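Residue numbers (the working numbering), protein chains in the order written: chain A, 5 to 256; chain B, 5 to 256.
For every residue, glycine included, the Cβ atom is placed at its ideal position computed from N, Cα and C.
In this text the structure is predicted, and so the values were computed from the model without any measurement.
All remarks here apply to the structure that follows.
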DNA sequence: CCGATCAATTTTGTATGAGAAATAACGAGC
DNA sequence: GCTCGTTATTTCTCATACAAAATTGATCGG
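Structure, rendered in structure tokens:
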């Protein structure tokens with residue numbers, strides 16, 4: 005692909021950053037999206053530093069730092085004389101929060117979506133089960149509070165979605181496993197953002213409160229089996245919603 | 005902590021890179037290890053660019069690029085005027101291959117080790133079960149070949165360990181899920197390197213061939229239940245070995 | 001005394017030019 | 001045909017200068 009396409013699309017991204025931080029990362033973002041979306045194929049050589057930075061109208065340093073970010077995420081690898089090339093897909097850090105977000109900002113293939121939720125169906129119920137065993141009173145209180153806020157504001161509002169995030173965050177913390185926390189929160193955030201972004205506030209899903217309530221009750225009661233089951237349902241519902249959002253966005 | 009400690013330890017790392025690639029990343033490595041090992045606490049401010057680069061005896065650009073790598077992995081965040089500070093732990097990308105490796109090069113706490121294998125016990129058996137359903141003949145052939153090589157060379161040799169890697173790689177590919185592949189291979193590689201590095205070729209584990217054979221037979225037969233069970237045993241054995249290696253290294 | 005607005009200072013961010021290291025490709029010599 | 005040095009290209013490093021951002025403090029008005 006031509007580097008000009010990138011320049012052309014500069015600044016058109018909705019930038020679902022949440023908090024504005026590291027504006028400069030937009031270059032890495034654009035390049036990253038171009039890569040994960042397949043506009044650069046694995047093995048393909050990128051232009052040299054001078055040429056690329058000229059096309060993008062940025063300095064060489066800025067371009068290099070963007071490449072550093074991408075190489076830290078396993079998307080590219082560069083060596084002297086050879087140049088910088090897009091890494092093979094299996095080297096990509098697919099679970100990196102940014103990479104995930106980049107993937108889901110475009111139109112992820114059905115199989116990718118299926119794969120991601122395959123992972124979620126395995127991990128998240130187990131996290132809920134662990135949370136049921138290990139939760140402290142504080143976690144239960146936070147989940148309860150978040151649930152109340154969800155009921156009050158609904159998911160159509162920013163406050164409601166924040167409460168949803170809080171609910172899951174508290175649950176994950178209760179699991180006490182930092183790896184599960186990183187994994188699940190990253191995946192959840194990327195997907196949640198997708199649904200919100202693709203279907204703007206569309207009340208497509210059925211009332212999510214009862215399902216959350218089931219999870220809450222099970223975890224609060226310390227019933228790991230019930231927690232697992234309830235969370236499985238929740239993930240399945242999320243899968244349904246996400247698929248719906250993506251299909252609506254791709255075929256308007 | 006003082007930045008001088010870093011300079012002092014420069015070049016002492018065994019650099020388990022495998023292929024030499026991006027030597028320059030050693031700065032990021034040192035800093036990353038310093039962070040995940042707790043020598044910098046979350047929230048702590050790093051020195052300014054000029055001062056830090058002087059201490060490390062590198063240029064400002066080199067130091068900045070190292071910071072970029074770390075920020076891409078969620079370890080630090082920098083803003084103008086405020087400076088660069090170590091991010092809160094929950095922001096770290098714990099499943100990033102490099103971060104994992106950095107964590108396990110030091111002495112990870114028992115609870116961390118427990119947490120990681122908690123994740124593995126959930127994910128890897130499921131990956132094996134999926135592989136049993138989806139494996140193609142090619143995957144079986146590769147696993148078979150790798151198994152033969154393992155039997156011939158044993159895990160005490162480099163060739164044998166390579167065969168072990170190949171075995172698991174083929175199995176993961178058979179699962180057909182890129183997220184499972186990234187997750188498992190990253191985790192596996194970091195831990196495998198730890199055991200090899202900590203206990204140099206020590207024949208601590210019982211013969212791993214039969215356990216691998218069980219997995220192979222189940223996957224080849226397309227029996228997902230048996231695959232799940234066999235892989236569970238394999239993970240448990242790996243947990244035992246890793247714990248042993250780490251304890252041996254910490255209390256010589 | 002309190003508040004707000006505006007300027008100053010500090011820190012990261014960007015730009016640019018010059019050169020060093022690394023490595024793949026080429027060619028000379030045997 | 002094979003080995004070994006040479007060359008060319010590309011990333012990597014360095015040094016310096018300037019721009020942008022954001023916190024701090026000071027100044028002014030109420």
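Beta-carbon proximity of residue i to residue j, cut-off 7 angstroms
i: residue 77 of chain A; j: residue 40 of chain A; result: no
i: residue 242 of chain A; j: residue 219 of chain A; result: no
i: residue 228 of chain B; j: residue 145 of chain B; result: no
i: residue 72 of chain A; j: residue 64 of chain B; result: no
i: residue 121 of chain B; j: residue 198 of chain B; result: no
i: residue 150 of chain A; j: residue 171 of chain A; result: yes
i: residue 190 of chain B; j: residue 101 of chain B; result: yes
i: residue 74 of chain A; j: residue 32 of chain A; result: yes
i: residue 89 of chain B; j: residue 49 of chain B; result: yes
i: residue 147 of chain A; j: residue 174 of chain A; result: yes
i: residue 2 of chain B; j: residue 155 of chain B; result: Not covered by the structure: residue 2 of chain B. The range shown for chain B is 5 to 256.
Status (buried if at least 16 other CB within 10 Å, exposed otherwise) for residue i
i: residue 34 of chain A; result: buried
i: residue 119 of chain A; result: buried
i: residue 70 of chain A; result: buried
i: residue 251 of chain A; result: exposed
i: residue 238 of chain A; result: buried
i: residue 25 of chain B; result: For residue 25 of chain B, the predicted model reports a pLDDT of 45, less than 50, meaning its position is unreliable and no value from the coordinates is stated.
i: residue 255 of chain A; result: exposed
i: residue 245 of chain A; result: buried
i: residue 83 of chain A; result: exposed
i: residue 36 of chain A; result: buried
i: residue 182 of chain B; result: buried
Residues that DSSP places opposite residue i in a beta bridge
i: residue 82 of chain B; result: B:88
i: residue 71 of chain A; result: Beta-bridge pairing links residue 71 of chain A to no other residue.
i: residue 184 of chain A; result: None, per the DSSP bridge assignment.
i: residue 49 of chain B; result: B:89
Proximity winner among the options, relative to residue i (alpha-carbon distances)
i: residue 211 of chain A; options: A:247, A:160, A:177; result: A:160
i: residue 226 of chain B; options: B:131, B:48, B:57, B:31; result: B:131
i: residue 85 of chain A; options: A:168, A:52, A:42; result: A:52
i: residue 184 of chain A; options: A:129, A:61, A:166; result: A:129
i: residue 60 of chain B; options: B:201, B:100, B:44, B:30; result: B:30
i: residue 47 of chain B; options: B:167, B:133, B:93, B:98; result: B:93
i: residue 216 of chain A; options: A:167, A:141, A:95, A:89; result: A:167
i: residue 224 of chain A; options: A:134, A:91, A:115; result: A:134
i: residue 231 of chain B; options: B:209, B:194, B:182, B:127; result: B:127
i: residue 202 of chain B; options: B:110, B:214, B:68, B:38; result: B:110
Span separating the alpha-carbon of residue i from that of residue j
i: residue 105 of chain B; j: residue 143 of chain A; result: 31 angstroms
i: residue 124 of chain B; j: residue 192 of chain A; result: 20 angstroms
i: residue 164 of chain A; j: residue 153 of chain A; result: 6 angstroms
i: residue 249 of chain B; j: residue 42 of chain A; result: 42 angstroms
i: residue 180 of chain A; j: residue 98 of chain B; result: 14 angstroms
i: residue 140 of chain B; j: residue 91 of chain A; result: 25 angstroms
i: residue 177 of chain B; j: residue 116 of chain A; result: 14 angstroms
i: residue 221 of chain A; j: residue 186 of chain A; result: 24 angstroms
i: residue 44 of chain A; j: residue 157 of chain A; result: 42 angstroms
i: residue 56 of chain A; j: residue 57 of chain B; result: 27 angstroms
i: residue 236 of chain A; j: residue 114 of chain A; result: 20 angstroms
i: residue 240 of chain B; j: residue 240 of chain A; result: 29 angstroms
i: residue 188 of chain A; j: residue 194 of chain A; result: 10 angstroms
i: residue 54 of chain A; j: residue 38 of chain A; result: 19 angstroms
i: residue 247 of chain B; j: residue 200 of chain B; result: 12 angstroms
i: residue 253 of chain B; j: residue 209 of chain B; result: 16 angstroms
i: residue 138 of chain A; j: residue 162 of chain A; result: 30 angstroms
i: residue 68 of chain A; j: residue 81 of chain A; result: 12 angstroms
i: residue 66 of chain B; j: residue 87 of chain A; result: 19 angstroms
i: residue 169 of chain A; j: residue 169 of chain B; result: 38 angstroms
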